[in-house]
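**Student:** First the structure, then my questions, so here it is.
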Amino acid sequence: PAVTQHGVKDEYTIYYSTDPGPTVSAIIAHIKAEKDTLVDLRVERPSLEERFLELTKTGGVQ
């Protein structure tokens, strides 16, 4: 749910989500259903600077 994109970096799969709560729950449920092991899970938010650059690069302040 709410995954906007995903990719792979080194041996990690990275999911980008607009609503991390349900996304993390779904990932954990999937891992349990597959009887797999979760080694590392991180939830990060963009910094204020990253958000500002994202907003201004689309035609706002230049």
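Be aware that the sequence shown starts at 1034, since it is given in the working numbering, and climbs by one per residue.
Just so you know, even glycine gets a beta-carbon here, dropped at the ideal spot from N, CA and C.
No experiment lies behind these values; they were computed from the predicted model shown.
Flag this pair as yes or no: are the beta carbons of residue 1076 and residue 1057 separated by less than 8 Å?
**Tutor:** In this structure, residue 1057 lies closer than 8 Å to residue 1076 by Cβ.
**Student:** Please say whether residue 1036 and residue 1048 have beta carbons closer to each other than 8 Å?
**Tutor:** Against a cut-off of 8 Å, the Cβ pair of residue 1036 and residue 1048 comes out as a contact.
**Student:** Sorted by chain position, which residues of the same chain lie with C-beta nearer than 8 Å to residue 1096's C-beta, five sequence neighbours on each side aside?
**Tutor:** Examination of residue 1096 is not possible in this model, given that the chain is present from 1034 through 1095 alone.
**Student:** Could you tell me which residues DSSP pairs with residue 1068 in its beta bridges?
**Tutor:** Bridge partners of residue 1068: none, in fact.
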